[in-house]
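Report on the structure given below.
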Amino acid sequence: MRRKAVGLRAVSLLVMLFLYGPILVLILYSFNAAHLSMAWRGTTLKWYAALIHDEALLAATANSLVIAVVSTIGATGLGGLLAFGMEGMSRSRQQLLEGSLVLPLVIPEVMMGVALMLFFVVIKLPLGLTTVILGHIVFNLPLVTIMIWTRLRKLDPALPEAAADLGADAWHTFRYVTFPLLRPAIWGAILVAFTVSLDDFLVTFFTAGPGATTLPLKVYSMIKSGVTPEINALSALLVLVSMGCVALSLQLQRREV
Amino acid sequence: MLAHRTASVTVTLRNSCRACWLAVPGLVWMALFFLVPLGLVFAVSFASRGTYGGIVWEFTTANYVDLLHPLYGKILSHSLWYAMLTTACCFVLGFPLAYMIARSPARWQPVLLLLVMLPFWTNFLVRTYAWMILLRHDGLINHVLVSLGLVATPLELLYTPTAVVIGLVYGYLPFMVLPLYVAVERLDPLLVEAAYDLYASRWAVFTRVVVPLTMPGIVGGCVLVFIPSIGSFITPDLLGGARSMMIGNLIQHEYLVARDWPLGSAVSFVLMAVVMAAVVLYYRQGDRSAGPVERR
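Those protein sequence lines, which keep their order, are chains A and B. Residue numbers for the first sequence follow our numbering, so the first one is 6 and each next one is one higher. Residue numbers for the second sequence follow our numbering, so the first one is 10 and each next one is one higher.
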């Protein structure tokens, strides 16, 4: 192993560079004063300033936030209940549910997008914010359920039993023992669902009507319609927001009980 | 005593069944907005297309027969090829990294894993766009190459199959590293030492000791990279040209541009069959703990 170490380290370093290089270049060039050129023409914040005055962009941000908040609440409510419901089931039924809940996560997103679009068109529900929210709950619900269920399963069964022995009924055991123990997992799930919803492109792409442009849809159309330095600034901001959300989520989940 | 026991069993049973009901709203939601739409896609894949788009409910297998057309066959086969190439590249890049992480001091391991995962959590569009800045005709890579005098005229890098594979590798590399890390971490370093002591060459140690013992992680990582690669849409859409269209782009094209929903649905089910085959392979391998979701 000693003889391998140097080569391994060099390759690993290069792979890390491959992972972070493009993102760093993107952030760096969001401060470049040059319009569309790779040559460095001095540092500027004007692309960031331009973002604040872009009305369409602000409207898209508002849509994204509304969708993320509502779908996160919906998915956390339904998914949390589903996880608690699973706890009372037999092991075989639990395994069946665990397996089925993975399906929405492995199925290609483009397929989930067209399936939802087809469904909404057939039931004649007009495409718009509502359909996007319904769709986002579909991919966030299994995510939330799995995250909460994983923690629930690891809880020491002696704790609720002890509460019951001390005379607590089912509700009080839940309220004062199980729920506080699950709180980090629930917050973690909320942040992950929020981030995934905020970042989603494909399901939104197929289920949003003309009036429901979200931030990723706006970024996509900006990229497609021609490169302006404003996208660099917007992208850099999005990188920071999602990384911040994830860092916070990991921090919460790591907190051991 | 016995009566007391029976009573408590009944109470637990009744409690557990009461708790079961909590699962109902979530399950109904998934049935209504996931299973029903999928079933609908399946049904539509056997329907006919109306003259002006839309769906005519007449049973036909023509959509699947149409897929045998060389044009579609080509898209399907090079999608498979890109996905397999991506998987191979991820393995070549991911294995040394996973090995290094698993053999570094224990307190550094979570930090290094987090560093691998962090780019994955940034917006996929943004990450793909970053490669457009690098690969463009007047992008950073060409800028540097021309400035250094390595090439006379800028290279055509963007809108090529190479760009698509680079983008896919970039997007899904973390999925390879995590299961490999789990597998390597379980591999006893003494076995590798023993192989060296027996005068095995480096290659022999790798192919005859390390690879067989980390096989669950290798299969897991490959499947986890292959699945999103084969179903990708954004990467080939932004980085690829008209000739590097993949299955995902074909589905989008049939649905939104050609408005041939039955054909688009048939393509979707071919894609789903490929993905399901990969999932079955993953579960056959049996090592559930090598999954990406949870590894404290």
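Think of the CB as a built atom: it goes at the ideal place given N, C-alpha and C, for glycine as much as any other residue.
Please confirm whether residue i has its beta-carbon closer than 8 Å to some beta-carbon of chain A.
{"i": "alanine 12 of chain B", "result": "Residue placement at alanine 12 of chain B is poorly supported in this model, since its pLDDT is 47, which falls under 50; the coordinates still yield a value, given next. Closer than 8 Å: no."}
{"i": "tryptophan 140 of chain B", "result": "yes"}
{"i": "leucine 222 of chain B", "result": "no"}
{"i": "leucine 187 of chain B", "result": "no"}
{"i": "aspartate 75 of chain B", "result": "no"}
{"i": "alanine 286 of chain B", "result": "no"}
{"i": "alanine 56 of chain B", "result": "no"}
Tell me whether residue i sits in a helix, a strand or coil according to DSSP, three-state version.
{"i": "asparagine 151 of chain B", "result": "helix"}
{"i": "threonine 48 of chain A", "result": "strand"}
{"i": "arginine 145 of chain B", "result": "coil"}
{"i": "valine 65 of chain B", "result": "strand"}
{"i": "asparagine 37 of chain A", "result": "strand"}
{"i": "serine 88 of chain B", "result": "helix"}
{"i": "arginine 217 of chain B", "result": "helix"}
{"i": "arginine 252 of chain B", "result": "helix"}
{"i": "serine 241 of chain B", "result": "coil"}
{"i": "threonine 58 of chain B", "result": "Checking the displayed sequence, the identity of residue 58 of chain B turns out to be arginine instead of threonine. Three-state DSSP puts arginine 58 of chain B in a strand."}
{"i": "alanine 173 of chain A", "result": "coil"}
{"i": "tryptophan 4 of chain A", "result": "This structure does not reach residue 4 of chain A, given that chain A is present from 6 up to 262, and the question cannot be answered."}
{"i": "serine 247 of chain A", "result": "helix"}
{"i": "histidine 78 of chain B", "result": "coil"}
{"i": "asparagine 72 of chain B", "result": "helix"}
{"i": "methionine 281 of chain B", "result": "helix"}
{"i": "methionine 43 of chain A", "result": "coil"}
{"i": "valine 174 of chain B", "result": "helix"}
{"i": "leucine 164 of chain A", "result": "helix"}
{"i": "tryptophan 117 of chain B", "result": "coil"}
Any beta carbon from chain B within less than 8 Å of residue i's own beta carbon?
{"i": "tyrosine 53 of chain A", "result": "no"}
{"i": "glycine 249 of chain A", "result": "no"}
{"i": "glutamate 92 of chain A", "result": "yes"}
{"i": "proline 109 of chain A", "result": "yes"}
{"i": "serine 240 of chain A", "result": "yes"}
{"i": "leucine 160 of chain A", "result": "no"}
{"i": "proline 131 of chain A", "result": "no"}
{"i": "threonine 212 of chain A", "result": "no"}
Counting only Cβ pairs nearer than 8 Å, list the residues of chain B close to residue i.
{"i": "leucine 87 of chain A", "result": "Leu31, Ala32, Pro34, Gly35 and Leu36"}
{"i": "leucine 31 of chain A", "result": "Val135, Tyr138, Ala139 and Ile142"}
{"i": "phenylalanine 124 of chain A", "result": "Phe42, Val45, Pro46 and Leu49"}
Run through chain A and tell me which residues come within less than 7 Å of residue i, C-beta to C-beta.
{"i": "leucine 280 of chain B", "result": "Pro113 and Met116"}
{"i": "glutamine 261 of chain B", "result": "Val115"}
Starting from residue i, find everything on chain B with Cβ-Cβ shorter than 7 Å and list it in chain order.
{"i": "valine 75 of chain A", "result": "Ordered by position in chain B, no residue passes the 7 Å Cβ test against valine 75 of chain A, which lies about 14 Å from the chain."}
{"i": "serine 163 of chain A", "result": "According to the sequence displayed, residue 163 of chain A carries alanine and not serine. Correct list: empty, because the minimum Cβ distance to chain B is about 15 Å."}
Could you tell me which chain A residues have their CB closer than 9 Å to the CB of residue i, listed as they occur along the chain?
{"i": "leucine 124 of chain B", "result": "Met21, Leu24 and Tyr25"}
Could you check if residue i belongs to the surroundings of the ligand GTP, using beta carbon to heavy atom distance under 7 Å?
{"i": "threonine 60 of chain B", "result": "This structure simply doesn't include the ligand GTP, nor any ligand for that matter."}
Can you pull the chain B residues whose beta carbon is under 9 Å from the beta carbon of residue i, in chain order?
{"i": "phenylalanine 206 of chain A", "result": "Asn132, Phe133, Leu134, Phe242 and Ile243"}
{"i": "leucine 121 of chain A", "result": "Phe42, Phe43 and Pro46"}
{"i": "tyrosine 34 of chain A", "result": "Ile142 and Leu149"}
Along the chain, which unbroken stretches of the alpha helix (DSSP H) at least 4 residues long are found entirely within the segment 81-148 of chain A?
Counting whole runs of 4 or more residues, the segment 81-148 of chain A contains the alpha helix (DSSP H) stretches 96-111 and 114-127.
Taking contact to mean at least 3 C-beta pairs separated by less than 8 Å, is the segment 73-81 of chain B in contact with the segment 218-238 of chain B?
A contact is defined here as three or more CB-CB pairs under 8 Å, and the segment 73-81 of chain B fails this definition with respect to the segment 218-238 of chain B.
Touching or not, the segment 89-96 of chain A and the segment 229-248 of chain B, by the rule of three or more beta carbon pairs under 8 Å?
No, because fewer than three Cβ pairs between the segment 89-96 of chain A and the segment 229-248 of chain B fall closer than 8 Å, the two stretches do not touch.
Touching or not, the segment 178-196 of chain A and the segment 80-98 of chain B, by the rule of three or more beta carbon pairs under 8 Å?
Short answer: they don't touch.
What alpha helix (DSSP H) runs, 4 residues minimum, are completely inside the segment 171-239 of chain A?
You should have 175-178, 184-204, 207-212 and 220-230.
Measuring CB atoms only, is the segment 140-156 of chain A touching the segment 71-78 of chain A, in the sense that at least three cross pairs come out at less than 8 Å?
In short, these stretches touch, since the Cβ pair count reaches three.
Touch test, the segment 215-232 of chain A against the segment 156-163 of chain A, Cβ-Cβ under 8 Å, three pairs minimum:
Contact fails: fewer than three Cβ-Cβ distances are below 8 Å.
Taking contact to mean at least 3 C-beta pairs separated by less than 8 Å, is the segment 211-223 of chain A in contact with the segment 53-68 of chain A?
Yes, since at least three Cβ pairs between the segment 211-223 of chain A and the segment 53-68 of chain A fall closer than 8 Å, the two stretches touch.
Quick check on the DSSP output: what are the complete alpha helix (DSSP H) runs of length 4 or more inside the segment 158-203 of chain B, in order along the chain?
Qualifying alpha helix (DSSP H) stretches, in chain order: 170-195.
Under 8 Å, with one C-beta from each stretch per pair, do the segment 112-126 of chain B and the segment 186-200 of chain B reach the 3-pair mark?
Judged by Cβ distances under 8 Å, the segment 112-126 of chain B makes contact with the segment 186-200 of chain B, as three or more pairs qualify.
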